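**Q**
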Amino acid sequence: MLLLDAAGPEAGTLAATAAARGHQVYAATTEAAYAGWGPELKALLSGHLVTNFARPDRALDEIAVYARRRGVAAVLTVNEYLTELAAYLCAELGLPGNDPAQARAARDKARMAETFARAGVHSPPAALVGDQADLRVFLEGPRVGFPYVVKPLAGAGSAGVTVANDPGELAEAVDDARATSDTGRDSAAPVLVQAYAAGSEFSVESLTQNGTPTHLAVTRKHVTSGAKRVETGHSLPVTLPAAVEAAVYSAAEAAIRAVGIRHGASHTEVIVGEDGTCPVIEIGARLGSGHIGILLQHALGLDVWTALLDVALGCPVAINRSERGHATVRFVTSPRSGRLTSLRGFPETGPGVPFVRRRAVIGDLVQQPRANSHRLGSFVVTGSDASEVEERADALSRRIQVDVDSDPGITAVS
Numbered sequence: 031m032l033l034l035d036a037a038g039p040e041a042g043t044l045a046a047t048a049a050a051r052g053h054q055v056y057a058a059t060t061e062a063a064y065a066g067w068g069p070e071l072k073a074l075l076s077g078h079l080v081t082n083f084a085r086p087d088r089a090l091d092e093i094a095v096y097a098r099r100r101g102v103a104a105v106l107t108v109n110e111y112l113t114e115l116a117a118y119l120c121a122e123l124g125l126p127g128n129d130p131a132q133a134r135a136a137r138d139k140a141r142m143a144e145t146f147a148r149a150g151v152h153s154p155p156a157a158l159v160g161d162q163a164d165l166r167v168f169l170e171g172p173r174v175g176f177p178y179v180v181k182p183l184a185g186a187g188s189a190g191v192t193v194a195n196d197p198g199e200l201a202e203a204v205d206d207a208r209a210t211s212d213t214g215r216d217s218a219a220p221v222l223v224q225a226y227a228a229g230s231e232f233s234v235e236s237l238t239q240n241g242t243p244t245h246l247a248v249t250r251k252h253v254t255s256g257a258k259r260v261e262t263g264h265s266l267p268v269t270l271p272a273a274v275e276a277a278v279y280s281a282a283e284a285a286i287r288a289v290g291i292r293h294g295a296s297h298t299e300v301i302v303g304e305d306g307t308c309p310v311i312e313i314g315a316r317l318g319s320g321h322i323g324i325l326l327q328h329a330l331g332l333d334v335w336t337a338l339l340d341v342a343l344g345c346p347v348a349i350n351r352s353e354r355g356h357a358t359v360r361f362v363t364s365p366r367s368g369r370l371t372s373l374r375g376f377p378e379t380g381p382g383v384p385f386v387r388r389r390a391v392i393g394d395l396v397q398q399p400r401a402n403s404h405r406l407g408s409f410v411v412t413g414s415d416a417s418e419v420e421e422r423a424d425a426l427s428r429r430i431q432v433d434v435d436s437d438p439g440i441t442a443v444s
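Those letters in the sequence shown? Residues 31 to 444, by our numbering.
#1: In the structure shown, what three-state DSSP assignment does residue 444 receive?
#2: Are the Cβ atoms of residue 342 and residue 104 separated by less than 8 Å?
#3: Residue 36: buried (16+ other C-beta within 10 angstroms of its C-beta) or exposed?
#4: Check the DSSP bridge columns for residue 245 and list the partner residues they point to.
#5: Mind reading off the beta-carbon distance from residue 180 to residue 168? Whole number of angstroms is fine, and I expect it under 8 Å.
#6: How would you label residue 215, buried or exposed, when you count the other beta carbons within 10 angstroms and need 16 or more for buried?
#7: May I have a chain-ordered list of the alpha helix (DSSP H) segments no shorter than 4 residues that lie completely inside the region 143–202?
#8: Suppose you measure from the CA of residue 246 to the CA of residue 321; what does that come to, to the nearest Å?
#9: Does DSSP put residue 323 in a helix, in a strand, or in coil?
#10: Under a Cβ-count criterion, where at least 16 other Cβ atoms within 10 Å of its own Cβ denotes burial, should residue 431 be classed as buried or exposed?
#11: If you follow the beta strand (DSSP E) that residue 313 is part of, which residue opens it and which one closes it?
#12: Excluding sequence positions up to five away, which residues of its chain have a Cβ less than 7 Å from the Cβ of residue 254?
#13: Count the other CB atoms, across all protein chains shown, that sit within 10 Å of the CB of residue 128; report buried if there are 16 or more and exposed otherwise.
#14: Taking the alpha carbon of residue 20 as the point to measure from, which residue in 143, 429, 352, 152 has its own alpha carbon closest?
#15: Let me know the secondary structure DSSP gives residue 213 once reduced to three states.
#16: Am I right that residue 387 and residue 39 are in contact with their C-beta atoms under 8 Å? What's the rounded C-beta distance?
#17: Run through DSSP, which three-state label would residue 436 get?
#18: Mind reading off the beta-carbon distance from residue 244 to residue 232? Whole number of angstroms is fine, and I expect it under 8 Å.
#19: In this structure, how does DSSP classify residue 261 when only helix, strand and coil are distinguished?
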């Protein structure tokens with residue numbers, strides 16, 4: 031099998047799963063990413079190719095040649111930014127994958143909004159806004175009204191996403207989205223302005239094979255309020271009223287079909303309003319990040335990694351759930367930007383806490399959270415009772431003390 035970008039715990043677990051089943055595991059990565067790999071990951075791999083993902087056409091040719099020489103029978107990625115490349119590579123190699131002609135719709139927010147509208151997927155109205163003249167025309171035209179959500183077209187992890195409540199905030203949000211995107215601060219670079227959907231945030235984790243989706247779970251998203259809605263945790267499984275659950279799954283299936291997901295995981299974000307409506311906000315053609323795979327394993331007994339591998343290999347997949355209970359993850363963040371001087375009270379693994387990950391070390395420059403990438407670490411809590419699990423996770427979070435030197439002369443990384 032071939033992994034596109036082997037960095038991160040999800041990719042590492044996928045590689046370990048494949049190696050344990052006797053598969054040779056290869057990876058295509060960048061020079062910088064390879065330098066950061068640990069010895070455990072390097073020991074799992076039979077080889078790797080260094081390429082430049084910023085030049086996708088060239089990367090496609092290089093990876094295809096590499097994959098053919100090694101008899102690669104499956105291509106996977108858990109990297110949001112590489113799902114389109116994965117679709118083209120699978121098509122080039124004749125392997126199970128997603129429709130390459132539609133794959134950009136699961137990456138480019140403007141293409142996604144257009145695709146949803148064309149396919150009849152219920153989603154908040156959205157418009158593409160370029161320069162300030164476009165913004166003025168947008169504000170003067172017929173619209174839903176504030177608040178609006180502003181997003182860079184190809185971002186991920188909430189980077190550059192802002193909820194704007196008035197025209198001044200909207201103009202600032204457009205500039206921020208541009209600064210976060212690949213186009214930098216190009217004053218005419220387009221961004222997406224989307225109507226705000228009020229309600230509770232959930233995601234649907236699904237696995238599709240031969241165009242038929244199987245829904246694994248509904249996940250509740252814990253999100254901050256304010257202009258920057260950053261995720262603070264995930265919890266699953268979620269019990270919804272039968273009619274609402276059916277509507278959520280129906281919306282996810284419509285989104286999956288619209289963006290051409292035929293083989294592999296998907297992560298569909300929805301809002302459930304007080305009236306029971308459930309517009310689709312976004313969809314990703316990959317497993318949900320933020321350790322959702324670990325939550326599925328501990329709450330439902332699902333070996334999602336083996337299932338992903340079987341789908342990529344074209345093997346029949348059986349989804350066998352064992353209702354074990356409830357699982358939640360909490361993300362640790364800094365109260366302000368600066369240099370990390372102390373991180374105390376971090377949980378240790380043990381009964382009911384199967385996973386702990388620290389991403390920051392003392393002396394690092396850290397950021398007050400404006401995107402999911404600004405996390406200092408995370409931990410997972412499991413148990414048989416949902417309320418007890420949530421209460422324990424909150425109690426463990428309160429014990430963590432983060433001290434930051436916020437000297438004005440220190441500039442935190444973004």
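Positions of the beta carbon are idealized from the N, C-alpha and C atoms, including for glycine. No experiment lies behind these values; they were computed from the predicted model shown.
**A** By the coordinates alone:
#1: Low per-residue confidence applies at residue 444: pLDDT is 42, beneath 50, and the placement is therefore not dependable enough to give any value.
#2: A contact, by the Cβ cut-off of 8 Å.
#3: It is buried - the Cβ of residue 36 has at least 16 other Cβ atoms within 10 Å.
#4: Its beta-bridge partners are 236.
#5: Contact flag wrong, Cβ pair sits at about 11 Å.
#6: Note that residue 215 scores a pLDDT of 49, beneath 50, so its modelled location is shaky; the value from the coordinates is reported in the next line. Per the 10 Å Cβ criterion, exposed.
#7: Correct list: 162–170.
#8: Pairing residue 246 with residue 321, the inter-Cα distance amounts to about 15 Å.
#9: In the structure shown, residue 323 sits in a helix (DSSP, three-state: H, G or I).
#10: So residue 431 ends up on the exposed side.
#11: If you look at residue 313, you'll find it in the beta strand (DSSP E) that goes 310–314.
#12: Here the set comprises 260, 262.
#13: When all chains shown are included, residue 128 counts as buried.
#14: For the chain, the structure presents residues 31 to 444; residue 20 sits outside this window and is missing.
#15: Unreliable placement is indicated for residue 213, whose pLDDT of 48 sits below 50; no coordinate value is reported for it.
#16: With a Cβ gap of about 7 Å, residue 387 and residue 39 count as contacting.
#17: Here DSSP, grouped into helix, strand and coil, assigns residue 436 to coil.
#18: About 17 Å separates the two Cβ atoms, so there is no contact after all.
#19: It is a strand residue.
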